[in-house]
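Number of protein chains: 4
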Amino acid sequence: MGASKTPSDRSTPPQSPRKQERRNRDNSVMKEAIAIMAEKGYAATSIQEVADRVGVLKGSLYHYFNSKEELLFRILEESYLQMNAIEAEVDELELPPFDALLEQIRRSSVWFLQNQERAHIFFTETKHLTDDRLTQAREWGRAFERRLSSLIVAGQEAGSIRSDVDQRLLTRFTIGAINNIRFWPSRPGGKQFTVDDLTDGVVLLVGDALKS
Amino acid sequence: MGASKTPSDRSTPPQSPRKQERRNRDNSVMKEAIAIMAEKGYAATSIQEVADRVGVLKGSLYHYFNSKEELLFRILEESYLQMNAIEAEVDELELPPFDALLEQIRRSSVWFLQNQERAHIFFTETKHLTDDRLTQAREWGRAFERRLSSLIVAGQEAGSIRSDVDQRLLTRFTIGAINNIRFWPSRPGGKQFTVDDLTDGVVLLVGDALKS
Amino acid sequence: MGASKTPSDRSTPPQSPRKQERRNRDNSVMKEAIAIMAEKGYAATSIQEVADRVGVLKGSLYHYFNSKEELLFRILEESYLQMNAIEAEVDELELPPFDALLEQIRRSSVWFLQNQERAHIFFTETKHLTDDRLTQAREWGRAFERRLSSLIVAGQEAGSIRSDVDQRLLTRFTIGAINNIRFWPSRPGGKQFTVDDLTDGVVLLVGDALKS
Amino acid sequence: MGASKTPSDRSTPPQSPRKQERRNRDNSVMKEAIAIMAEKGYAATSIQEVADRVGVLKGSLYHYFNSKEELLFRILEESYLQMNAIEAEVDELELPPFDALLEQIRRSSVWFLQNQERAHIFFTETKHLTDDRLTQAREWGRAFERRLSSLIVAGQEAGSIRSDVDQRLLTRFTIGAINNIRFWPSRPGGKQFTVDDLTDGVVLLVGDALKS
DNA sequence: GATGAATGAGAATTCATTCAT
DNA sequence: GATGAATGAATTCTCATTCAT
Chain A
1 MGASKTPSDR
11 STPPQSPRKQ
21 ERRNRDNSVM
31 KEAIAIMAEK
41 GYAATSIQEV
51 ADRVGVLKGS
61 LYHYFNSKEE
71 LLFRILEESY
81 LQMNAIEAEV
91 DELELPPFDA
101 LLEQIRRSSV
111 WFLQNQERAH
121 IFFTETKHLT
131 DDRLTQAREW
141 GRAFERRLSS
151 LIVAGQEAGS
161 IRSDVDQRLL
171 TRFTIGAINN
181 IRFWPSRPGG
191 KQFTVDDLTD
201 GVVLLVGDAL
211 KS
Chain B
213 MGASKTPSDR
223 STPPQSPRKQ
233 ERRNRDNSVM
243 KEAIAIMAEK
253 GYAATSIQEV
263 ADRVGVLKGS
273 LYHYFNSKEE
283 LLFRILEESY
293 LQMNAIEAEV
303 DELELPPFDA
313 LLEQIRRSSV
323 WFLQNQERAH
333 IFFTETKHLT
343 DDRLTQAREW
353 GRAFERRLSS
363 LIVAGQEAGS
373 IRSDVDQRLL
383 TRFTIGAINN
393 IRFWPSRPGG
403 KQFTVDDLTD
413 GVVLLVGDAL
423 KS
Chain C
425 MGASKTPSDR
435 STPPQSPRKQ
445 ERRNRDNSVM
455 KEAIAIMAEK
465 GYAATSIQEV
475 ADRVGVLKGS
485 LYHYFNSKEE
495 LLFRILEESY
505 LQMNAIEAEV
515 DELELPPFDA
525 LLEQIRRSSV
535 WFLQNQERAH
545 IFFTETKHLT
555 DDRLTQAREW
565 GRAFERRLSS
575 LIVAGQEAGS
585 IRSDVDQRLL
595 TRFTIGAINN
605 IRFWPSRPGG
615 KQFTVDDLTD
625 GVVLLVGDAL
635 KS
Chain D
637 MGASKTPSDR
647 STPPQSPRKQ
657 ERRNRDNSVM
667 KEAIAIMAEK
677 GYAATSIQEV
687 ADRVGVLKGS
697 LYHYFNSKEE
707 LLFRILEESY
717 LQMNAIEAEV
727 DELELPPFDA
737 LLEQIRRSSV
747 WFLQNQERAH
757 IFFTETKHLT
767 DDRLTQAREW
777 GRAFERRLSS
787 LIVAGQEAGS
797 IRSDVDQRLL
807 TRFTIGAINN
817 IRFWPSRPGG
827 KQFTVDDLTD
837 GVVLLVGDAL
847 KS
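Which chain is which? The protein sequence lines are A, B, C and D, in order.
Following our numbering, the numbering of the first sequence begins with 1 at its first residue and continues without gaps.
Following our numbering, the numbering of the second sequence begins with 213 at its first residue and continues without gaps.
Following our numbering, the numbering of the third sequence begins with 425 at its first residue and continues without gaps.
Following our numbering, the numbering of the fourth sequence begins with 637 at its first residue and continues without gaps.
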């Protein structure tokens, strides 16, 4: 009956020196869910599939989250927290606006490149949340935008950023450039670029586009 | 229009002075499908919902397409054909590379802004195709990239486009900027930008970023 | 795979004498659902089971209702409407209060005995409704109670019904007697009582209990 | 109230000062299970919910019972034992049949009113038992009926209870009246009745209905 | 072309129960 | 006794698709 299961099959270790093997599924659940959702999108991702990859029955996954939507929310939240931490780091550098903006672009880009799947989900799947979760996640996005916007406005006031283009357009242009960097490494074949190659690229290009 | 279900349908015109109704239905199917898929994504869009909006029963939709995937493919194909037509128009102008690139950006942006939903689906839902349809749609995207790439390379050779950044990065940067313009008008409140405002913006910014 | 559809396949049945066999499932669905829910209770009744008895796949049942709860509501609603019609009939007789009450008891009892399953569900499963449906169903019950109550009060005022017991107790006692009649025929073995035997019984007993 | 509960069951506690904690948990399990099952019904009651209210994890509950069905059985059994004790008390009074019957009604009613939830479960959820447990619980119900029946028959023979109605109908009428008293206090608003008000009511009404 | 009942597969979720720790 | 992860089966509901009429 059942499909093997026999988790107690061990027989080798007599006492029990490692009491793991249980808990860390939580990480595994997040990891697999992120991988599948990034590839197929939230709606096309089935709990079954996540369970298969984690190696548990689908019902068991509900020990780790209460609903598929909550799982998505957690993924989004983690991403937000990490991106938020990056903002805080840049703040501490107390750079002048334009430099802060470029530093923010650089660090965000690095994070996006190192967390392509998370980043993709963040920009793509928020719409599947509902109610409070949707409200909150949208607020995260807005906060990110507000922040870039205020750096840009400050740069314009300081004269380091061009003023012949409306700050809202500059902001969206910049956000777009950052968001899109997650697609840059995609096409394999041909020599790969390093993360630094890519980030240097965006920073340079966006910098030249925005400077006054 | 709204509800009702075409009450004028039966009995009156014997021959066929209204071949248009058929056409209209067909257009209506595409239109509603685009609206819903842009909003919710392909996977979360149900045929039922499209049928409701069109005002037909679910089963009847299969007179207009053979499968949901084919419907998606048709949407994508239409978009591709229109974007392709734009490329052809730009070609006919026989401009020097950099100018051709900027003109291409401008016209693509206009199209993206006027067809936000289509554009969104194009960049977002291709992954849900399978087999031949997937292969073909991917090829469309690659062709678009190749074309921009060749303009950029030509511009670099002509000295009008910067050469201190790898052409592949310049290409992706440019594509990203175009793709992202579909999000620019989003936030309502505050004065709206016209399509021209926005296109002038991208062209200016990308131009300044790429010029040598 | 794709294509096909073969719309010209028809050819076999020329006229088609019997066009039934399809629609009347609706009655069948209600009937089987009532039987099972009366026996096991709403919560322990599975859609699967209903489908099995109706002879369709479970998914197909959703052509007949939108949710299990709606199915329950429909059963309850039908019962309510029938019981309501009985009240109206009694009203038309324009009897003095006590006689009206007894007539109401008699006719309700007949209905309860002839619709034991429905009646049982009505008194037992309302609690599984939610929101608006719950509110409405509760209101039905309250209306039934209010009506009996007003007949009893009128009887008290007319002197035909005892006044040494609070009318609310008389009302509940009467409702209880009616509700419980659905259990009277239960135990088989021994000679069965006819519906008339049983109704004569309740009317007589409740009448003697209430008369002044 | 209370009564029995068989506190002397297990081997007289040896030492252990806070053996009560255990007892309390056990009581708490019964108490919460009764509350939830009375409200939602057995089938709609989840072990999870009981555990939540008790303040233990789901799995831990299985120290207190072997299965959900056994839990139900225990609830039913407790009720039966208490009702049985009431019968015994009435027996000891050695009253003439009709008086014994009324006394039985009175005391049963008091118990039902003071144990509404238990009583409700008793009359409502027995059907969810299976096999031996079902057989036994049904026997309890039948014994209760048999007893009332024999009092009624004796009353008829003694001439104190009416003989113009078949004793089986009188029995069911009486049982119904007792069973239903658990619903009498329901509707709040307006002045509440005391337990005595209510019991006096049933006894009076049933008495008048049955007397010869 | 349109209808609408039916299919069959699969979705998310719940749940009683077990068991090693 | 208690924990909590896991099971395995079942449950409600959804959906793309078919097809006789």
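Glycine is no exception: its CB is placed at the ideal position from the N, C-alpha and C atoms.
For Ile-797 (chain D), the beta-bridge partners assigned by DSSP are D:Lys-847. In terms of beta-carbon proximity, Gly-465 (chain C) lines the interface with chain D, with at least one pair separated by less than 8 Å.
With respect to the 8 Å criterion, Glu-761 (chain D) and Leu-708 (chain D) are classified as neighbours on the basis of their beta carbons. Using a Cβ-Cβ cut-off of 9 Å, His-332 (chain B) is close to nothing in chain A; its nearest Cβ partner there is about 11 Å away. In the structure shown, the three-state DSSP call for Pro-732 (chain D) is coil. The stretch 310 to 344 of chain B contains no complete beta strand (DSSP E) run of 3 or more residues.
Remark: C-beta atoms of Ala-755 (chain D) and Ser-715 (chain D) approach each other more closely than 8 Å. Bounds of the alpha helix (DSSP H) holding Thr-807 (chain D) are 803 to 816.
Under the Cβ distance rule, His-275 (chain B) does not count among the residues neighbouring chain A, no pair being separated by less than 8 Å. For Ser-470 (chain C), there is no enclosing alpha helix (DSSP H), as DSSP marks it with neither H nor E.
For a Cβ distance threshold of 9 Å, residue set Arg-592, Leu-593, Arg-596, Phe-597, Gly-600 of chain C lies close to Trp-820 (chain D), ordered along the chain. Counting the other CB atoms within 10 Å of its CB gives Arg-742 (chain D) a total of 16 or more, which places it among the buried residues. Around Leu-72 (chain A), no beta-carbon contact reaches into chain B at under 8 Å, the shortest distance being about 12 Å.
Per DSSP, Val-56 (chain A) lies in no alpha helix (DSSP H) segment and is marked neither H nor E.
Interface annotation for the stretch 327 to 355 of chain B against chain A: Thr-336, Lys-339, His-340, criterion Cβ-Cβ distance under 8 Å.
Fewer than three pairs of CB atoms, one per stretch, sit closer than 8 Å, so the stretch 305 to 316 of chain B makes no contact with the stretch 250 to 261 of chain B. For Asp-450 (chain C), same chain residues with a beta-carbon under 7 Å away, outside a window of 5 residues either side, are Tyr-488 in chain order.
In the three-state reduction of the DSSP assignment, Trp-396 (chain B) falls in the coil class, being assigned neither a helical nor a strand state.
Residue state for Asn-84 (chain A) is assigned as helix, using DSSP reduced to three classes. The residue among A:Gly-55, A:Ile-47, A:Ser-46, A:Ser-212 with its C-alpha nearest the C-alpha of Ser-28 (chain A) is A:Gly-55. Ranked by Cα distance from Ile-373 (chain B), the first of B:Ile-287, B:Ser-424, B:Ser-279 is B:Ser-424.
Chain order gives the chain B residues near Gly-201 (chain A) as Val-377, Asp-378, Leu-381, Leu-382, Arg-384, Phe-385, where near means a beta carbon separation below 9 Å.
Contacts with chain D at 8 Å (Cβ-Cβ) do not include Asn-508 (chain C).
Contact note: Asp-632 (chain C) reaches chain D through Arg-798, Asp-844, Ala-845, Leu-846, Lys-847, using a C-beta cutoff of 9 Å and chain order. When C-alpha distances from Ala-389 (chain B) are compared across B:Val-322, B:Glu-281, B:Ser-375, the shortest belongs to B:Val-322. Looking at the backbone, the Cα of Leu-305 (chain B) and that of Ile-298 (chain B) are separated by about 11 Å. Taking the Cβ atoms as the reference, Leu-313 (chain B) lies roughly 6 Å from Gly-367 (chain B), within the contact range of under 8 Å.
Non-local C-beta neighbours of Arg-147 (chain A) in its own chain, meaning closer than 7 Å and more than five positions away in sequence, comprise Glu-87, ordered along the chain. In this structure, DSSP gives Lys-191 (chain A) a state outside helix and strand, which the three-state scheme calls coil.
Straight-line measurement puts the Cα of Phe-324 (chain B) at about 29 Å from the Cα of Ala-370 (chain B).
For the C-beta of Ala-44 (chain A), the chain B residues within less than 9 Å are, from N- to C-terminus, Gly-253, Tyr-254, Ala-255, Ala-256, Lys-339, His-340. DSSP, reduced to helix, strand and coil, places Asn-660 (chain D) within a helical segment of the structure shown.
Between Val-206 (chain A) and Thr-171 (chain A), the C-beta gap is not smaller than 8 Å, which leaves the two residues out of contact. In this structure, DSSP gives Phe-489 (chain C) a state outside helix and strand, which the three-state scheme calls coil.
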